[in-house]
Structures are given as structure tokens and as C-alpha cells.
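Chains as they are written, first to last, in my numbering: chain D, 2 to 603; chain B, 283 to 695. Don't be surprised by glycine CBs; every beta carbon is placed ideally from N, CA and C. Nothing here was measured: the structure is a model prediction, and the numbers come from that model. A short worksheet on the structure shown next.
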């Protein structure tokens, strides 16, 4: 995370011009870059800033250097009205996120920020918090640091909370409506009448619906804490109308107090709180319904993505591939390697020899693109791994399912050990690209981007598989071979080649699944073990040899699991699902959808 | 000529060896930690720190017993994360190797499985990892944090911070369940109604935290909520990822994790854990001369690991990215407490050492500990906030908290 260059960074240019041409050039460049970044330069503001470091900056510096955290909090609170000075906001949020640093010499401590722009070695110019000037060494050359080498200025959670409150007050007038909304909700929770004028004035100019709703909610919630019964009761009713989940707790407490102490609160409060609480609770029940539906779909997508490769190799080809999970892990580790190549490089060992790969050192959008590339590359690597497995072992075992089970189990153990030797037995970290982090909210139901991505990805992969199987000549051949190998061979289909391609395709899908799951689960040597049971379960439940069956089984298992979980808990929910599947298979041993073909029945 | 020279050298060498052998009287000490299997990630670090401590003691002259100095000779066995194997390996250490003391075990189930062996053979086990209490064996010394040293202090801290709702989330096994049972009682004593306490467990290796995070989100919607997490190992990764994606932060809903120390951090995405809390009796970041020395010496040792003075070949020590953590510190202090007790008793006899251990004091890296008659330590407790570097910043210290294994003693029935 980098801090945009503070406004005053560009002010140094005019001052230094007479001193030294070399430095001037550098300063002018900084000036130019800074103005590019910000898009505008206000020369008057710049001139003013040279004359005196702003008082806000002085207060801020004082706050950073204060030893006592209560004193720090007090100073931070003082800055409430400094929101228009963007450096204050930048510095505060940098402080909160650990991007503010201290230069400590024998007797001075200078807080500084790093310029957003880094050089080839990832180092950036240090800018003093007090006046935005670059820190210089004895020769007058700006000192550069790499954020990774520095220790940020410490904060405690209380202090961060105070910083957050101050930032929230700034945020009330942020250009981003989502930021405004979050800030309003946060401040509304505090039920502090001091904020009311801020909310009211904001409501005058606010145009975005969500933010307006949050403002109404915050105002009503603040008023609901009022001592005046008329104001209070109407505010409570209003909260009910707004279906404010955040205030439910407060309303219920108020209801309890009103019931216990009718003399103080009166009938009006009691009935108002009851009505409001009921409205909100009904709303929550609906929200839970939709939330559960989405979570069910999302879990189904995860299981489906993982099981689809197996639906091909086990379902269509009838090979019991116990190494399916490890093929997924191949894909997941591929994502890790691609991430390293795009980012800061990586280090691993191949049979005891350490291999060091240099990364591109990209950041931001270019780095985030690694994930898309990783999905494609993992399809290839896992497909190749599958190909190798098929050529060296499985092709000798096509008519011997029990042996193929044992052989592939052995392969899975070997692969796990190879992962341990190459990448270590601890999990590796695959970071989430920024477009997959976070979530959005519709009617208080949470939609996380990574979950949505997996749902979309599952649909895409199912579509891809359907396209391959039903619209291409390879698909036709695959289906022919799977239905009746001998007959297909007789009419000239090269069954060996088709087997090979099918298995490689199934493995490739597993690899993509692994890369995809690196976003929500751990990447480690035992990744495969975690999913293999679910995969087999879904394929068997859906009916071996039937893609539609696999899809419906995945959806069934996922949704049932999510419906049961809130009632029974994660452990008992899973047990119930497994027990239900066993009972179901007693009733219909061939699964949901039965594929009739001569070869399968034989 | 050549052969004669060789003979002379051989004789000299033999005399030299004899001298060494004579000077170095040794005592065998057992190390019972899983070096393979699921627990290896955590337990290997404890094996490393024990060997380091033996080396430290041997370098400074060993244990002084009856006017002689005795060097420690480690006997390292691998119970391979297999609980019944812990009992077998413990028996092997006590009966075959006749070790004077054993340092080991991580999970409660491994301790429970070898406890009968230690009682039958009258052995001595030092147990260094936070645990659920409700146990006291005369053959085990628990240098570990008891529940009132690790779980109660952060709850007190959260109550003092104005938190009114507690979400107890744990992996499904004995330590989280027992700890949460105690915590629930404690919270009720502190006036938190049942409706404001939620207790949820997930299986080992659980990856789908959607429902739980959604319920946390609505649980914490009214503010003043916090999470007490006893989630173990890598299940923390999907949990914290989901948690961060839902827009929850340490500011609106802090998580106190009991099972994440500096060592576990090596496999976790530190970015998503920043600001959440941990509670231990030791943090690597605490600045005292003793701790700086311990950390520096250990980091130096892992680069060239040896146990001075005995013919033991140290292997399997990873020199990269090492840290120290509370279980490691407690392991090390256990060795020193045992050494002092042996020196006081003047013998390795288990019964005498046991008596001598009670009341034994040791100035550890972050303060003095005292072994109490209930086989638990009086120790300082720290609450720390997680930093992006994977270290903790101490935000609250509780001095000299006396470990108490039985909850009815500190809850008062």
C-alpha cells in the first residue's frame, strides 16, 4: 500500500532552484510527477505551505511523537475539522495502516511518509510529515527507503479507533458514496448528539440512495437515545420503517427497559419498540433466506469446480483416480509459482537443490492479472501431469479398477511428498488479487467477490465442458469410446488417443479448480485430501457418467449443507449430509441420474 | 616409521578420548515431540529449542550434581502425531533409555495418552503448551499456560474495553470445548446473559466459513462484540480471509486468538490478522536483556546447531525465518527449572527432584516464574496486538498470575 504524494511534495522545487542544478532536476521531476499524480497544482496553496507548515500538520506531528496514547487520541480528535487538507487525511490513514515511519537519530525523532513512486529497487523518497520536504542526508541528497525495511509507527486499537472516527468525519464528505455510507453507519452507532448537525447538513446535499438511507438511519438512531419521549418514540418507529438491522439490539434493549420501567418510558415507547423490532426481525428472516440461498450456491460452485474434473475421469472414463486431489494441488501450486513470477520472485528446492526464480516485480493491476494467467497455466500444468500419469500408469490398468485405485493412491502419496520437498510442509500463501477481495451488500445480504467469481467460474467451466462434449468431434469420439470402447475402436476411433486426451482434459479442469480454490482455502501438500471425499461423493451421488447429475448433486449437497449449518452447526451439519447421502444411495444405488450404456452395465 | 607414528597418534587420540569421556559424565533426557505428521509443523520448533537449551547448559558446564558436572545427552524420539505412539515412545524413553526427565507433548490427547505411562514408570514429564486444565498428575509439571493464565485475562480486557457480546469460535476438540465451557461460566458470572454469548465449533480442516462469518456479521451489527477464537492451525486462513472480505476489522469486531503464536504466523497471511489480539506468557517482541539474548542466541544456534559435549548429531533444523514463541520459551524454562531442582536435590531421583521442583524460581526472558505446589507456574501474562510483521505489540500486562488447573477453584463453583 502506498501513500499518494502529499501536496507539499511539489513545493520544494521553487525553493531549491538556485542551489544545485542536479538536485533541481530531481526536484523538478518530483514536482512534475507529483502534479501528474494529483492532476492539478495550486501554486498559491504551494506558496502558502512554504511559508509556514500548517498548524494541522504540526498537531499531527505532535500526536505521532506523543508518548502517552491518551494524549495522542486527544490530539487526533483535534484534527476533526482538517478534512479539507488532504495531507492530513492521507497521513492519518497511513498511520492507521502502518505506513507512517519514524527516523530516529540521537536526539530527534522525525515522522515521515514514503512517496508513492518507487524506484527500480522498490525504494521511495521519504517526506517529512511536518512540512512535506524530502528528508536529506548530509550531502543534501534525498534519503530513500524501502517500506519493507522500515518499522511503522506503532498504534494501539484505541488510537486506531480514534483515528478512524476522525477519518469517518472527514469521510462524511468523501466523493465515494460507499465510504460516506460506512462512515455514517459507524458514527450513527455512537449515538452522539454532537454528530447530528454533521448528518443534517450532509443530508441536504446527499443524492445517493444508500447513503441517504444510512443518514436517516443514523439520525433516527441518535434521536432514539433521546430523553424526550415524543422524539424517541417517533425515531424508534422510523428505525422500524427503515428496517435498520444495526439498531435492532438497541431497540430490543429499549423494549426491555420500557417493559421493566413503564413509569419512566410510557406505553408509547413500549408499543413503538415492539412494532419496530418485529418489522426488523421479519426483514432479517428474509435476508437470511436469500443469504443462505447464495451461500448454498457458492458452496455448490466450490464443490462443483473441484468435482468436475473427476466427473470426467471417474464419471466418463471409469478410472478411480485417487490422485485427483493432488492434481488439484498441482494447479494450486502453479498459481503460487505464477504469483511469484509476477511479483517478487520465489525460492523452492527441487530434489535438494535450491532454485531461485526472479520475479517481474510488478505491482497493482499488472500483478493482479497474475491470477487470470495462473488459471490458464494451471490448466496446462495439471493437464500435463494428468497426461504423464495416464501414459505411464493408468493406460495399463483400464480394465482393472481395483488396481487403478491402489496405483493412483500411491501416486497421490508420492505427489504429496514431492510438494513437501519442493515447497516445504507448511502452507504457501497465495494472495487474493484486489478485484477478488471485498464484497458488496444488497439488502443486507453479503456478496463476496471471490465467491461470486467462483460461481461464475463454475458456470463457465460447465459450459466449456458441455461445449467440448457435445459440439466438437473430440467430444463425439469421447462419448463413443466411453459408451462402447470396442465398437468405437472398430469404426476407426483411436481409443488410446481419446483416452489420453480425455484424462488430460479432466486433469486440466482439476488444476484450474486448484488455482481457483487457492482464493478461499489453504494451499499446502494436503490440499487434495481435503476435497477428494467431497468430489467422489458428488460424482457418485449424481450418478457415475452423467455431468448433469454431478451439477445437481453439487447444488443439492451445497445448499443442504448451508441450510443445515445454522441449525446444527458445522460438524453435525456435515454428518447429517453424509448420512443423508448414504440413505439416498441405499434407495437409489446408481445416483440421481442413471446413465444407461452397455459398457457400464457390463 | 610411518606405522609407528600412526600408533603414537592413535595412542594420543585414545588418551584424549578417554579424558573427554571421563570429564563428561552424561545424563539422558528425553524429547517427545512429533517430527512428522500433522503436528510436526508446531512441534519441531519445540524439539529445536530443547536441543538449543541442552547446548546452552552443556556449554556453561552442565548440571552440577554431587560435586560433578553432568552433561545432558538428548534422546529424541518421533511419535509421528500418532497419539497411541506417544505412549509407546514414552515407555521406550523411560524403560529402555532410562531418561532422567522427558520434555514433550503438544496436543492434550497426546499428553493424556502417555500420562498413564509416566505414572506407572514414575517418570517426569514437562508439558509446555497452553491447555484446558482440569488435570493434575504427580508425574507431570505443566509449565504451560492454564486457562486462568490465557483465557481469563483477555476476556477481562475485553470487558474493560466495553465489549458486551462474545462469540466463542473454536475447532472441534477437547481444548476449545473445555476452555469455552469455563469461559461461558465466567462470562455469566460477569453478568453477560446467555443470549449475548454464541458458541460455535468447526471441524479440523474446515474451509467454508461463509455461514459463520455471516452470523458474526449480524451478531456484531449492534457493536460492542468480540470473538474469542480457539481455531487451530491453518483453518485460520479461510476464516480470516472470509472475515476480512465481509468488511469486518479489528476495530469493529476484534478477534482474540489463543492458538496463534509467532511460530504459527509463519504460515498465515499476516495482513489479514493485523490488529487482532493474542494472549500468551511470552512474546518475542518484548524487550528485556534476557529476551534479546535468548532470541539472538537461538537465531545464531539454528544456523549451526550442535549439542556441545555429547556425541549427538543434530539434524532437521530449518535455519530460515525462525522466531521464538511462548511454547518455546516455556519448554526452555522447564529445562532450567528441572536443572535447578536436580542441583538442589543433588540427585536425578524422580521423587527427590519432584519435591525440589516445588518453589523453584527462574528468571526467564520476560520475568521470573515460580513453580507452585500444584505443578503450574506463577507467570506474567501479556495481551498483544498483531502487527503486520507477524510480531505482537504488548498492550496489557498482568503480573504474576498463578496458574490454576481446576476451574472450580478460580470460578468458585
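| query | result |
| --- | --- |
| Could you list which residues in chain B have their beta carbon closer than 9 angstroms to that of residue 332 of chain D, in chain order? | Those do not exist, as residue 332 of chain D stays about 16 angstroms from chain B at its closest Cβ, beyond 9 angstroms. |
| Could you tell me how far apart the beta carbons of residue 486 of chain D and residue 496 of chain D are, in whole angstroms, since I believe they sit closer than 8 angstroms? | 6 angstroms |
| Report buried or exposed for residue 350 of chain D, applying the criterion of at least 16 other Cβ atoms within 10 angstroms of its Cβ. | exposed |
| Just verifying my parser: in three-state terms, what is the DSSP assignment at residue 461 of chain B? | helix |
| Buried or exposed: where does residue 99 of chain D fall if 16 or more other Cβ atoms within 10 Å of its Cβ makes it buried? | buried |
| For residue 488 of chain B, would you say it is in contact with chain D, using Cβ-to-Cβ distances shorter than 8 angstroms as the test? | yes |
| Where does residue 328 of chain D fall in DSSP's three states? | helix |
| Compare the C-beta of residue 480 of chain D with all C-beta atoms of chain B and state if any pair is closer than 8 angstroms. | no |
| In the DSSP assignment, the beta strand (DSSP E) including residue 280 of chain D goes from what residue to what residue? | Unbroken run through residue 280 of chain D is the alpha helix (DSSP H), 263-311; no beta strand (DSSP E). |
| Secondary structure at residue 626 of chain D, three-state DSSP: helix, strand or coil? | It is not possible to answer for residue 626 of chain D, since the shown part of chain D is limited to 2 through 603. |
| Of all the CB atoms in chain D, is at least one closer than 8 angstroms to the CB of residue 599 of chain B? | no |
| Does residue 577 of chain D get closer than 8 angstroms to chain B when you measure Cβ to Cβ? | no |
| I want to verify the contact list: residues of chain B whose CB lies under 9 angstroms from the CB of residue 157 of chain D, in sequence order. | 667, 675, 677 |
| Going along the chain, which unbroken runs of the alpha helix (DSSP H) with 4 or more residues stay wholly within the stretch 156-235 of chain D? | 158-172, 178-190, 197-206, 210-225 |
| In the DSSP assignment, find the beta strand (DSSP E) that holds residue 146 of chain D and state where it starts and stops. | 145-147 |
| Name the residue from D:562, D:61, D:67, D:532 whose alpha carbon lies nearest to the alpha carbon of residue 308 of chain D. | D:532 |
| Compare the Cα-Cα distances from residue 559 of chain D to each of D:546, D:545, D:577 and report the closest residue. | D:577 |
| Go ahead and label residue 300 of chain B buried or exposed: buried means 16 or more other beta carbons lie within 10 angstroms of its beta carbon, across all protein chains shown. | Low per-residue confidence applies at residue 300 of chain B: pLDDT is 46, beneath 50, and the placement is therefore not dependable enough to give any value. |
| Taking the alpha carbon of residue 556 of chain D as the reference point, which residue from D:490, D:373, D:64, D:303 has its own alpha carbon closest? | D:303 |
| Tell me whether residue 520 of chain D is buried or exposed, calling it buried when 16 or more other Cβ atoms sit within 10 Å of its Cβ. | buried |
| On a CA-only basis, which of D:502, D:493, D:157, D:524 is nearest residue 310 of chain D? Give me that one, please. | D:502 |
| Give me the Cα-Cα distance between residue 570 of chain B and residue 651 of chain B, rounded to the nearest whole angstrom. | 15 angstroms |
| Thinking C-beta only, is residue 316 of chain B closer than 8 angstroms to residue 307 of chain B? | no |
| How close, in whole Å, do the beta carbons of residue 277 of chain D and residue 231 of chain D come, if the pair is a contact with beta carbons under 8 angstroms? | At roughly 16 angstroms, the Cβ-Cβ gap does not stay under 8 angstroms, so residue 277 of chain D and residue 231 of chain D are not in contact. |
| Any beta-carbon of chain D closer than 8 angstroms to the one on residue 533 of chain B? | yes |
| According to the neighbour-count rule (16 or more other Cβ atoms, all chains shown, within 10 Å of its Cβ), is residue 593 of chain B buried or exposed? | exposed |
| Indicate whether at least one CB of chain B lies closer than 8 angstroms to the CB of residue 112 of chain D. | no |
| Would you kindly report the start and end of the unbroken alpha helix (DSSP H) that includes residue 546 of chain B? | 544-547 |
| Of all the options D:314, D:434, D:331, D:546, which has the alpha carbon lying nearest to the alpha carbon of residue 417 of chain D? | D:331 |
| What span of residues does the beta strand (DSSP E) with residue 562 of chain B cover, start to end? | 559-562 |
| Have a look at residue 36 of chain D and residue 330 of chain B and give me their C-alpha separation to the nearest angstrom. | Because the pLDDT of residue 36 of chain D is 39, which lies under 50, any placement of that residue in the model is unreliable, and the number read from its coordinates should be weighed accordingly. Whole-angstrom Cα-Cα distance: 54 angstroms. |
| From the DSSP output, read off the bridge partner residues of residue 484 of chain B. | B:453 |
| Just the Cα atoms here: how many angstroms apart are residue 676 of chain B and residue 264 of chain D? | 48 angstroms |
| My output table needs one value for residue 105 of chain D: the three-state DSSP class, helix, strand or coil. | strand |
| Let's test the definition: count the other Cβ atoms within 10 Å of the Cβ of residue 50 of chain D and tell me whether it reaches 16, buried, or not, exposed. | Low confidence applies to residue 50 of chain D: its pLDDT is 41, below 50, so where it sits in the model is not reliable, and the reading given next is rough at best. The residue is buried, with at least 16 neighbouring Cβ atoms inside 10 Å. |
| For residue 592 of chain D and residue 545 of chain D, which I take to be in contact (beta-carbon distance under 8 angstroms), what is that distance rounded to the nearest angstrom? | 7 angstroms |
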